[in-house]
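Input: a single structure, listed below in structure tokens.
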Amino acid sequence: MSAPLIIAVPKGRILSEALPLLAAAGVRPEPAFSDEDSRALRFATDVPQIELIRVRAFDVATFVAHGAAQLGIVGSDVLAEFDYSELYAPVDLAIGHCRLSVAEPVALAERDDPRGWSHVRVATKYPHVTAAHFARRGVQAECVKLNGAMELAPTLGLAPRIVDLVSSGRTLKENGLVEVERIMDVTSRLVVNRAAMKTRGDVVPLVEAFRRAVAGRQAAA
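At position 126 of the sequence shown the residue is numbered 126 (UniProt numbering), and the sequence of numbers has no breaks.
Below you can see the structure in the form of structure tokens.
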């Protein structure tokens with residue numbers, strides 16, 4: 001019997017949107033997957049040779065790129081940040097809609113013009129995307145790497161600006177920040193390990209099942 005096919009799925013807000021697509025593609029996790037008290041990270045599904053692992057969103061790309069999982073669901077923001085050559089992203093799942101943006105305190109924004117920036121200090125967990133974005137504009141970016149609580153950086157003097165994901169903008173507003181520049185729109189993608197796609201016969205049919213699931217969802221909308 002061949003090794004199980006492993007799909008890496010992200011913890012957090014995208015997961016609730018991803019589960020219906022998984023089901024539409026014919027993959028449903030075991031009941032323990034929905035147990036909020038469970039500390040398990042690896043789960044069986046109703047397809048005997050398919051398993052799920054639940055990891056941090058940023059780690060999905062790493063697990064798939066290195067072949068520890070054959071497929072995964074991950075935001076285009078993560079793909080842009082890591083740019084793994086081992087990853088192929090054949091399907092835009094059209095879920096997890098948000099944007100990656102520059103934000104700063106309201107008081108600063110009232111007297112600030114992004115067109116005049118020549119150097120910025122930014123707190124972000126996307127240093128590569130951020131630096132590349134500003135480099136295209138001829139702006140030097142000094143990036144302070146944070147993994148969370150980005151909104152604290154300006155108020156505590158770590159960096160006057162942040163680059164982070166924005167959905168409704170509520171978190172920014174509650175922390176006295178305002179969006180001043182959009183870097184990229186973000187959706188979640190199905191990613192595949194390139195080597196697995198060539199060597200495993202069970203990968204392509206599952207990719208096609210996801211493609212049909214997305215098409216069906218869009219047709220019903």
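Where a beta carbon is used, it is the ideal one built from N, C-alpha and C, also for glycine. Bear in mind the structure is a predicted one, so any value in this text is a computation, not a measurement.
Cutoff 6 Å; reference residue i; Cβ partners in own chain excluding five residues on either side
i	result
residue 4	49, 51
residue 182	99, 101
residue 77	100, 186
Sheet register partners of residue i (DSSP bridge)
i	result
residue 188	75
residue 43	52
residue 6	51
residue 29	45
Rounded Cβ spacing between residue i and residue j (contact assumed at less than 8 Å)
i	j	result
residue 189	residue 32	Not confirmed; about 27 Å, so no contact.
residue 64	residue 144	About 28 Å separates the two Cβ atoms, so there is no contact after all.
residue 91	residue 214	6 Å
residue 71	residue 203	7 Å
residue 217	residue 24	7 Å
Nonlocal neighbours in the same chain, by C-beta distance under 7 Å from residue i, ignoring five residues either side
i	result
residue 105	154, 176, 177
residue 125	145, 146, 147
residue 42	51, 53
residue 17	95, 96
Beta-carbon proximity list for residue i, same chain, < 8 Å, skipping 5 on both sides
i	result
residue 97	167, 185, 186, 187
residue 15	9, 54
residue 171	151
Minimum Cβ-Cβ distance from residue i to chain B less than 8 Å
i	result
residue 201	In the structure shown, chain B cannot be found, because there is only a single protein chain.
Quiz item: Do three or more CB pairs link the stretch 154-173 to the stretch 192-202 at distances below 8 Å?
Solution: No, the stretch 154-173 does not touch the stretch 192-202.
Exercise. Counting only runs of 3+ residues fully inside the UniProt domain "ATP phosphoribosyltransferase catalytic" (56-208), write out the beta strand (DSSP E) ranges in chain order.
Key: 71-75, 87-92, 98-105, 119-124, 140-145, 161-166, 177-186, 188-193
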